[in-house]
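A.B. asks:
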Amino acid sequence: MKDVLYLAWRYLAYHRVKTAILIASIALIVYLPVGLNVLVSQSAAELTARAESTPLLLGAKGSPLELVLNSLYFESEAPDTTTYEQAERIAASGLAEAVPLYIRFRSRERPIVGTSLEYFAVRSLRLAAGRPMAVLGECVLGAEAARALEAGPGDSLVSSPESVFDLAGVYPLRMRVVGVLERAHTPDDRAIFVDVKTAWIIEGLGHGHQDLAAPQAASAVLSRTDDRITANASIVQYNEITADNIDSFHFHGELSGYPLTAVIAVPESERSGVILLGRYEGADQIAQILRPVQVMDELLETILTIQSYVLAAVAVLAVATLATAALVFWLGVRLRRRELETLWKIGGSRSAVAGVLVSEVVVVLVLAAATAAGLTALTSRFGSAAIRMFLLS
Amino acid sequence: MIEIRDLDFRYGEGDFALRVPELVVERGERVALIGPSGSGKTTLLHLIAGIALPRAGRIATDGVALPDLDDAARREFRIRRIGLVFQEFELLEYLSVLDNILLPCRISPALPLNAAARERAVALAHGVGIGEKLDRMAERLSQGEKQRVAVCRALLVAPGLILADEPTGNLDPDNKERVLDILIERAQQSGATLITVTHDRDLLERFERVIDFRELLS
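Quick mapping for you: the protein sequence lines, in order, are chains E and B.
Residue numbers for the first sequence, in this note's numbering: 1137 to 1529.
Residue numbers for the second sequence, in this note's numbering: 351 to 568.
1. Mapping DSSP to helix, strand and coil, what is E:L1528?
2. On the criterion of 16 or more Cβ atoms from any shown chain inside 10 Å, does E:L1528 qualify as buried, or is it exposed?
3. Which value, in whole angstroms, describes the spacing of the CA atoms of E:G1342 and E:L1436?
4. Tell me the residue span of the alpha helix (DSSP H) that contains B:V447.
5. Could you confirm whether any beta carbon from chain B is found closer than 7 angstroms to the beta carbon of E:A1490?
6. Look up E:P1351 in the DSSP assignment and say whether it is helix, strand or coil.
7. For the candidate residues E:N1368, E:R1244, E:L1194, E:L1503, whose alpha-carbon lies nearest to that of E:V1235?
8. Compare the beta carbon distance of E:S1392 and E:Y1220 with 7 angstroms and say whether it is the shorter of the two.
9. Using a threshold of 7 angstroms, state whether the C-beta atoms of B:A402 and B:L513 are closer than that.
10. Give, in chain order, every residue of the segment 1140 to 1154 of chain E whose Cβ lies closer than 9 angstroms to some Cβ of chain B.
11. Below 7 angstroms between beta carbons is the criterion; list the residues of the segment 470 to 493 of chain B that meet it against any residue of chain E, in chain order.
12. Use the C-beta contact count for E:T1378: other C-beta atoms within 10 angstroms, 16 or more gives buried, fewer gives exposed.
13. Give me the Cα-Cα distance between B:A471 and B:L567, rounded to the nearest whole angstrom.
14. Anyone know if the C-beta pair for E:S1207 and E:S1243 falls short of 7 angstroms?
15. Classify B:L461 as helix, strand or coil using the three-state DSSP reduction.
16. What number of angstroms, rounded off, separates the C-alpha of E:L1139 from the C-alpha of E:S1177?
17. I'd like to confirm the pairing. Which residues does DSSP put opposite E:A1310 in its beta bridges?
18. Would you say B:L334 faces chain E, with C-beta separation under 7 angstroms as the test?
19. Would you say B:L419 lies against chain E (beta-carbon separation less than 7 angstroms)?
20. By alpha-carbon positions, which one of E:G1483, E:V1431, E:I1157, E:G1519 ends up nearest to E:P1200?
21. Can you find the residues in the same chain that come closer than 7 angstroms, C-beta to C-beta, to B:R430, ignoring five residues on each side of it along the sequence?
22. With a threshold of 7 angstroms between beta-carbons, can B:P462 be considered close to chain E, or not?
23. Measuring CB to CB, does E:F1387 end up less than 7 angstroms from E:G1344?
24. Looking at the structure shown, is B:F427 part of a helix, part of a strand, or coil, going by DSSP?
25. If we cut at 7 angstroms on Cβ distances, does B:S389 have a partner in chain E?
26. Against chain B, with Cβ distances strictly below 7 angstroms, would E:G1483 count as a contact?
27. By how many angstroms is the C-alpha of E:D1291 removed from the C-alpha of E:T1441?
28. Is E:L1493 close to chain B, meaning its C-beta is less than 7 angstroms from at least one C-beta of that chain?
29. From what residue to what residue does the beta strand (DSSP E) around E:T1251 run?
30. Given that E:T1478 touches chain B, what residues does it touch there, using C-beta distances under 7 angstroms?
31. What span of residues does the beta strand (DSSP E) with E:Q1424 cover, start to end?
32. Does any residue of chain E bring its CB to less than 7 angstroms from the CB of B:R425?
33. Short of 8 angstroms Cβ to Cβ, which residues in the segment 528 to 539 of chain B face chain E?
34. Select from the segment 1161 to 1193 of chain E all residues with a C-beta closer than 9 angstroms to any C-beta belonging to chain B, and list them in chain order.
35. I'd like the ranges of any beta strand (DSSP E) spanning at least 3 consecutive residues and lying wholly in the segment 522 to 556 of chain B.
Next up, the structure:
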């Protein structure tokens, strides 16, 4: 047996390119469905873990998936906005803690998450350096964002303009970095966190400018009455909030009407959650409240359906690959007929000669299986990291 | 001693038929077998080696009628008692020189692959001038070297009968002489019977007896 295996191994080693191609083909066809299954399972775990840690999510009526992807993973376009009043309403109900989210702007491709300090508690995020944001214009970076932007406490970041050609649009705001979060292996790692009011300033809903009552602004004043001063465009608007100008920053109108992309609701109890869900069931409601885990489950069902189609395609491919491998082997045997005859002539039994051929097939299959197992182990070991990298990219 | 009487062989239902009324080769005799291509010389060697089986007649090697043995016994007899050399060398290109010489041990449980076998293989290789190339792959050898490896493989078990089918057919004159020298010398040393099919009339004087196949069949 050992000698038959030796002969088989020598043949395979001598025809190493053909052997390697055969092994790679069979290994891939075995690995594809298994590896895909591992990846999908790990993706599902990664996706649902984030969704499961977000009990309820409120947002404007529209696509639930878009709302969840934007609010939990900072992916997709910003959904239609709801208002800050919804966060106040939830908080006032006493049923749940409300965490506002306004995720619309970016700084160097990183999402700027306008929220409150409660977000860090809800997501169990801890500071690795610095302190939480305390005043307007301050920001805290996720670990990956800090690494990629090479920024830390004391540095500053500028929000990206929404459109270079929109002259009447939002001015970039220079934000001071005051803290960096510990790595959480979630989309939070790549985010820039600011107070929701800072996000509104980036949008232009709040602003700070030169004191119109000051003598230096006199040339910009067009008219002045007891309760109103009108100035022209030469008035200096601040694009950075400092200790010197912070008092000039103000918001016009009622904050309750200001936009939010979502509100995370953390119910006091299961019962509170059910009551809260019930309150938003009416058709007259302008907002929707949903359980993110249900939305992700629906998404995963779609992914699993796609996976089954992919697996069906792989099965067809597997049949074709194995048929090709069998053909390669059969042609090889035909080409080696003389060699096999020699083995028999010099004293090898038919079964020993067949044993050499069978051993070659077995060795190829074993090596292919080992390769597939190795690839699956690698997928299992590094799949989560790859998925996180994909989700964080 | 090889003894053939009234041998009748036919390939399946084909037209080719071989009938040998009588042939006796004494032990230790060196015989050259000549004749036109396709006349059945190789088939006769196969019959003597028990590779092919006759339809009728008697064929015995050292008193053993191989057709009367079962397949396993015939194989064991062949691997222990008969050395085969082929015109096309029939080496396995994916094996080294040493592995090719030891091939009978690897393919048959009747011959254990032990230190003694290895020592004999190495000694044979040195004896025919390829001792320095034991690890070289067979495909990288010259034609003459390949045939010398094939001869070593045939002589591994010190057979009592050496059957060589045109062993010099693919060799240049120098190598023809050398390979034939080796075969004859080894046969003489071990007292083995040597039957060689050849078309090379220049070599016939090296044999004790030359059998013309046409006369043999008549």
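Glycine is no exception: its CB is placed at the ideal position from the N, C-alpha and C atoms.
C.D. replies: To lay it out plainly:
1. For E:L1528, the predicted model reports a pLDDT of 49, less than 50, meaning its position is unreliable; a value from the coordinates is still stated below. In the structure shown, E:L1528 sits in a helix (DSSP, three-state: H, G or I).
2. With a pLDDT of 49 at E:L1528, under the threshold of 50, the modelled position of that residue is not reliable, and the figure given next carries that caveat. Here E:L1528 is buried, its C-beta having at least 16 other C-beta atoms within 10 Å.
3. Taking the straight line joining both Cα atoms gives about 40 angstroms.
4. Counting along the chain, the alpha helix (DSSP H) containing B:V447 begins and ends at 447 to 451.
5. It does not; no Cβ of chain B falls within 7 angstroms.
6. In the structure shown, E:P1351 sits in a helix (DSSP, three-state: H, G or I).
7. Taking the Cα of E:V1235 as reference, the smallest distance to any Cα among E:N1368, E:R1244, E:L1194, E:L1503 is reached at E:L1194.
8. In this structure, the beta-carbon distance from E:S1392 to E:Y1220 falls below 7 angstroms.
9. Cβ atoms of B:A402 and B:L513: not closer than 7 angstroms.
10. Taking 9 angstroms as the Cβ-Cβ cut-off against chain B, the residues of the segment 1140 to 1154 of chain E that qualify are V1140, Y1142, L1143, R1146, Y1147, L1148, A1149, Y1150, H1151.
11. Flagged: no residues at all.
12. Per the 10 Å Cβ criterion, exposed.
13. Their backbone Cα atoms lie some 38 angstroms apart in a straight line.
14. No, they are not a contact pair.
15. Correct three-state label for B:L461: coil.
16. The question names Leu, but residue 1139 of chain E is Asp in the sequence shown. Their backbone Cα atoms lie some 44 angstroms apart in a straight line.
17. Here residue 1310 of chain E turns out to be Arg, not Ala, going by the sequence shown. Residue pairing by DSSP places E:R1310 opposite E:V1294, E:E1376 in a beta bridge.
18. The requested residue 334 of chain B is not part of the displayed model; chain B covers only 351 to 568.
19. It does not; no Cβ of chain E falls within 7 angstroms.
20. The candidate whose alpha carbon is nearest that of E:P1200 is E:V1431.
21. If we look at B:R430 and ignore the five residues flanking it on each side, its Cβ neighbours are A460, V507.
22. Chain E, which has no Cβ nearer than 7 angstroms to the Cβ of B:P462, makes this no.
23. If you check the CB distance, E:F1387 and E:G1344 do not come in under 7 angstroms.
24. DSSP places B:F427 in helix when its eight states are reduced to three.
25. Not a single C-beta of chain E is nearer than 7 angstroms to the C-beta of B:S389.
26. Yes, E:G1483 lies at the interface with chain B (some Cβ there is under 7 angstroms from its Cβ).
27. Taken atom to atom, the span from the alpha-carbon of E:T1441 to that of E:D1291 is near 47 angstroms.
28. Output row for E:L1493: interface = no.
29. Element bounds for E:T1251: 1246 to 1251.
30. Those are E440, listed as they occur along chain B.
31. That run of the beta strand (DSSP E) goes 1423 to 1426.
32. Chain E contact via Cβ: present.
33. Of all residues in the segment 528 to 539 of chain B, none has a Cβ within less than 8 angstroms of some Cβ in chain E.
34. Cβ contacts with chain B: none found.
35. For the segment 522 to 556 of chain B, the full-length beta strand (DSSP E) segments reaching 3 residues or more read 543 to 547 along the chain.
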